[in-house]
Structures are given as structure tokens and as C-alpha cells.
């Protein structure tokens, strides 16, 4: 919109600090007009809104609802940034104004639908001030100071701003506590040695209130403008908003829906969760990255390197709000300028996807419900008889003894080693499933994986230091702590023992959000701000522990509160390493839960879909989204996992699935054989 560009070009000189490094300005100077001021259309809309308000007052004898200050009435509805995002709360004028925000009721929507926030920030809401800004070898370092306390507990008064001009097309901005270390994602990212010489972007700052204004040099397009709403940085609530240069936004997974996100008051939650793919739910993985197409065809991307529970609120201004409950604000911005280049630049930070073995790109067949190895073998023979090409045969948890990892049902699957040998003779491959939950109920000395893991201290622990016990397929289970390097060695040893009997070719890691049939643990979760934070994003179940482990669970690197979204990535890293050591070849690994950089270790399937036409349709944007996320080896369960498919649906899905990078037919037990 023109108003964005007018804001960036018409600022007083005191507000502007080019990346070449002007001298820091004294605090208190450089106040900006509201970002939406300057647009003729918006001014007209405001005038019309004001006239409408006056007419309503005359007709009704007063204001319909609580009286709003004039500065609040000037904020157009589409530009109202939510000041009271809590769910399950009836936001009243009293609650809203206790935060110093504007309260104006808008038309109610159908249940479950979001609309214009009733409580929103006024133009002069207190925020941080940029007190100082100094040059460094790679960019700048600044100090941000808040002089008025925020409405969330343990707000942080002084923040450190680090800016690095890493390449001509990549900018790195990090905001963290200036005095105390905070949790940061333990992800290997590239470190540059010198500052970019000819960046295609121009970076400016607002000093009071603090704000970032990022433009594309060639077009003047404003890519980021964080002055649209106040920066809030408390211990367990971090929020920053920005304008967007267009409404064409993609990414921000894992969710089910169209490839292009709606900006009509749409909130996307990122918190790994075991649930059948459903619109508006937070699903198996977390990918805080978006790609945006600008007017004119240029593209840019933004990646927030943060693994805590978060939500991203989109609104029609167009605008976006990042809201997370831990860590730091660690942004990478990629300038493209075309979409392919944006993805390449993103992958230069998170790592490029691994090349899978050639056979992994062929057709795979699986189901939950092969009752025995002989039944599995019959399926393989039938495929050969019908001359249907098949590269991989899989088994779900049926092969295990009591659904325990690294065991084999010696009665029903006694011939599995012979089946695998037969597959190898025919140039085919075998893949089996593993879960991270390790059975904790076997008699001592009878189940090495648990006994040895317990002896070495390799499981998630409660706040009391004992293994956290949940429940998954084998019953009561402990959960492997893959943030501990010693767990990787134990995982390898378990796989070595099993591989000696069943020489598998690839692995399928499931239930690794991690999933838990209980909420938290067998004893629930302890009271405290990790399991009951001051703010909980819009997660399914309204609790961080819903269908997973307690956020307060202790791991080697940090608490689960910080590491939950990394669980699948850490398991994938351990498993890929084990496969390489076992087989000496490129590993083939498929994981349900994912996080940025996981393409280096595994592919992904889109989870427990249904045998419905819309599920087939939604698989297409799902695959395309994961290509953006740097995990191109991706597919959906062809013909659907749950429910009974039809011949027509399965035929069409097989035709589509032939073009999936990861092509597998998989369905659940007690349904038609596919």
C-alpha cells in the first residue's frame, strides 16, 4: 500500500539510520506518525467511520457500547492489532483498559470464527526506545529500554539488538535480554566473517517507539515495518508485529488448508501435536517461516528461529503478529528476489535436504493390520503376480512383541527375517516403524532398551528427577531424551541388536511430537509457570500438555517447554546417524514430526489422513508447503489412512500419488485392503 512507502520515505532525518551507519541519535527523537496515516483511502475510511459514529450517536442518543477515545476511533478496523489475545476470556472494557488499550465492539461472528479484535493498541501505546546504536564488523548492536512496565509478568526492561548484514540478500536481526542469557534453539546456522558489501535492502529504525523498517532498494517496497504495534518482551510472552506489502503469504506450518493463507483474522498455531489433519488445528510439526509474494512479482521470506509454542496472527491490513512464549526473537530475512532464490537462501541457513537413496523414490506399500509376516509376504507376492512395481514393503507396529520397540513377535512374525531376505533377492527393500516411547512395565532384566536407558539416565524426567511416565501403544512408557548425545549411542545399540536379526533398509519414526495417550504423565503435571504459563497460544486442547508430556519435563539441553517442537528433529538426527553407521549408505528415514533443518535427516508424510476426496485434494498444498520448508521428500497416505476408500477414489489417488516424491499407500486396520 502507498501508505507504507510514504511512511518510510517521509520520515524526519532523525528517524533514519542507514545500514552504512549514521551516528546514533539521542533518545526521545524521531517519533513516527501511525503507519496507516498518509493513505487517501484510509483517511477517507476514517472520515466515513467518524461520520457513521456521529450518526449512530444521534440516532441512539449516545455511543452504542462503551465510549471510545478519539485516538481509538481513528484506527481502521483492519489495522487493529490485538491487545487481548487470550482465549476463553470474555474481553470487557474494564479488562481491556486495564492494559491501556482501546475497546470498541465489532459485529459478532459465528462461534469459532475470529474477527476484528475488540481490544486493540492505541497509536501511542508505550513500547521500547532505541537508546543507542553502534557499528560492528558485521552490522550494528543496539540497546532497547522500556520505561513503563508491560502487562505481562516478568517483562524485561533492557534488550540487546543485534543486526548482521550477512549477505547481499540475507539480513539477520536478533533481540534478546541485554543482561541475562536466555534459551536459544540449538541449531547449527552459518556464521559469516564479513559484512555484506552491496545489500539489495535498506534498513532503517524508528527510535521512539523502537521499530524496524526494511525496504527493497530496487522498488522501495517496505517488507517489514514493526512500528505498527508495540514490541513486548517478557520472560514468557514475546510479541512483535509488522505490516506486510501484500496479502500473498505462504508457509507457517504445519497446517492443513490452502497453500495461500487467508489474512482475514487468521491465527496459525505452531506446537507439535498428534491429531488427524484437520483445518485450523496445530499439527505434527512447527515451521516458523513464511514466503511472501510482493506486488510486481518479487518475493521475500522471513524465518523466526524459535522453538517455543507460538502463534502467528494474520490480519487484512495486511499485517502479521508473531507471538511466542519463550526464547528470543531471532529473525532471518531473505530478499530473493524470486521465490526459488528465497527458498535457496532459507536452506543456506537451515541446511540443504539430503539426497535419499534412489529406491526411496519408488512405490511403497504398508498397512496397520498385517497380522503376521506371512500375511505381509502374501501381499508382496500378490504385487509381483499383478506386476505392480514395488520398491518398499513396510510394517507398522504389528511386528513388535507387545508393541515394544526393538522386539519381534516370535509367533506371528517368525518368518520376517526370511521375508526381508526375499525382498533383497528381488531388489526390494524393507522399512519398519519405531516410536520414541519405551515400555516401562517389563520385569527388570527382560527388556534391555528400558533397563539400559534407565541405567544411563536417558529418558525425560519429571521435576523430581524421575523418568516421566506416559502411555502409548505398549502401555506405560518412558520417553527417550534425544537432546542427550548419549541417547544417540543407546539408540544405535538398540538398532544394531535388531538389525542383526532383521536387516531393514529404512526406518519410519512415528508418534514423535511426542505423542502421549495421557495429558502430561500418569501423575499429571506439577503446578508452575512452565505447565501453566501466563499466556498459552491457541493450541488444540488449550494446554501445552494436551496429548503430550509435561512442559516442565527435564531434558539434557533444557526443559521440554523449550524443546517440544524439536523432539522429532532430534530423533531424526539420531536415527539418520544410526542408519549410516549400520548400513554405510545414504539413509532413508520418514518422520511425522518436523522442524526447520529436518530435511537434512528425514522426509515426512502428512500424517493420519482420511479416505476422503478432500484429503486427496489437501495433499497437494501440503506437499508444496513442505517443499518451501526444505523437506522435499514428502507424501500423503495414498487412498487415505482411516476410513474405507472407494475404488474410484483410490484409483484417482494412485494416479496423483505417482507424482508424490514419497509415494506410499498406507491404511489402518480393519478396513479394506488397498
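Numbering (full-length UniProt numbering), first residue to last: 1 to 674.
Glycine is no exception: its CB is placed at the ideal position from the N, C-alpha and C atoms.
Are residue i and residue j close, meaning C-beta to C-beta below 8 Å?
i: residue 292; j: residue 213; result: no
i: residue 272; j: residue 568; result: yes
i: residue 413; j: residue 472; result: no
i: residue 192; j: residue 166; result: yes
i: residue 391; j: residue 364; result: yes
i: residue 538; j: residue 227; result: no
i: residue 237; j: residue 156; result: no
i: residue 508; j: residue 590; result: yes
i: residue 661; j: residue 361; result: yes
i: residue 382; j: residue 336; result: no
i: residue 308; j: residue 512; result: no
i: residue 573; j: residue 484; result: no
i: residue 628; j: residue 277; result: no
i: residue 195; j: residue 345; result: no
i: residue 436; j: residue 502; result: no
i: residue 351; j: residue 597; result: yes
i: residue 231; j: residue 248; result: no
i: residue 700; j: residue 287; result: It is not possible to answer for residue 700, since the shown part of the chain is limited to 1 through 674.
i: residue 643; j: residue 657; result: no
i: residue 530; j: residue 549; result: no
i: residue 445; j: residue 480; result: no
i: residue 419; j: residue 377; result: yes
i: residue 504; j: residue 432; result: yes
i: residue 121; j: residue 101; result: yes
i: residue 486; j: residue 455; result: no
So residue i is in the beta strand (DSSP E); what residue range does that whole segment cover?
i: residue 177; result: 170 to 177
i: residue 650; result: Not the beta strand (DSSP E): residue 650 falls in the alpha helix (DSSP H), residues 647 to 657.
i: residue 430; result: 429 to 434
i: residue 288; result: 287 to 293
i: residue 662; result: Run containing residue 662: none; DSSP gives neither H nor E here.
i: residue 310; result: 310 to 315
i: residue 675; result: Residue 675 cannot be examined here, being either before or after the span of the chain that is shown, 1 to 674.
i: residue 79; result: Looking at the DSSP string, residue 79 is not in any beta strand (DSSP E), and its letter there is neither H nor E.
i: residue 140; result: 139 to 146
i: residue 323; result: 319 to 324
i: residue 233; result: 232 to 234
i: residue 475; result: 475 to 479
i: residue 131; result: 128 to 135
i: residue 333; result: 329 to 334
i: residue 299; result: 299 to 304
My assumption, with CB atoms under 8 Å, is that residue i sits in contact with residue j. Please give the rounded CB distance.
i: residue 314; j: residue 385; result: Contact flag wrong, Cβ pair sits at about 52 Å.
i: residue 611; j: residue 651; result: Not confirmed; about 13 Å, so no contact.
i: residue 318; j: residue 263; result: 5 Å
i: residue 475; j: residue 669; result: The pair is not a contact, with the Cβ atoms about 19 Å apart (cut-off 8 Å).
Going by C-alpha to C-alpha distance, which of the options sits closest to residue i?
i: residue 128; options: 564, 499, 586 and 205; result: 205
i: residue 639; options: 608, 189, 253 and 495; result: 608
i: residue 618; options: 350, 421 and 259; result: 259
i: residue 632; options: 585, 664, 356 and 493; result: 356
i: residue 104; options: 146, 73, 671 and 170; result: 73
i: residue 491; options: 211, 666, 582 and 476; result: 582
i: residue 527; options: 551, 450, 196 and 489; result: 551
i: residue 274; options: 540, 323 and 664; result: 540
i: residue 515; options: 285, 297 and 558; result: 285
i: residue 477; options: 239, 442 and 488; result: 442
i: residue 174; options: 168, 164, 183 and 180; result: 164
i: residue 310; options: 565, 124 and 450; result: 565
i: residue 667; options: 395, 85, 220 and 388; result: 395
i: residue 147; options: 130, 67, 402 and 235; result: 130
i: residue 522; options: 235, 571, 461 and 410; result: 461
Output the boundary residues of the alpha helix (DSSP H) element that contains residue i.
i: residue 424; result: 416 to 425
i: residue 619; result: 613 to 628
i: residue 396; result: Premise fails: residue 396 is in no alpha helix (DSSP H) and is neither H nor E.
i: residue 160; result: Looking at the DSSP string, residue 160 is not in any alpha helix (DSSP H); the run it does join, the beta strand (DSSP E), is 158 to 167.
i: residue 212; result: Element bounds for residue 212: not the alpha helix (DSSP H) but the beta strand (DSSP E), 210 to 216.
i: residue 250; result: That residue, residue 250, is in no alpha helix (DSSP H); its beta strand (DSSP E) goes 248 to 253.
i: residue 346; result: 339 to 350
i: residue 451; result: 448 to 456
i: residue 307; result: Here residue 307 belongs to no alpha helix (DSSP H), and DSSP marks it neither H nor E.
Under a CB-based cut-off of 8 Å, is residue i close to chain D?
i: residue 646; result: The structure shown contains no chain D; it holds only a single protein chain.
*Please confirm if the region 87 to 95 is in contact with the region 325 to 334, defined as three or more CB-CB distances below 8 Å between the two stretches.*
no
*Does the region 605 to 624 come close enough to the region 536 to 553 to have 3 or more Cβ pairs within less than 8 Å?*
no
_Does the structure place the region 482 to 499 close enough to the region 578 to 590 that three or more beta carbon pairs sit under 8 Å?_
yes
_Taking contact to mean 3 or more Cβ pairs, one atom from each stretch, closer than 8 Å, check whether the region 306 to 324 and the region 336 to 344 are in contact._
no
*Do the region 142 to 151 and the region 299 to 307 touch if we need at least three Cβ pairs shorter than 8 Å?*
no
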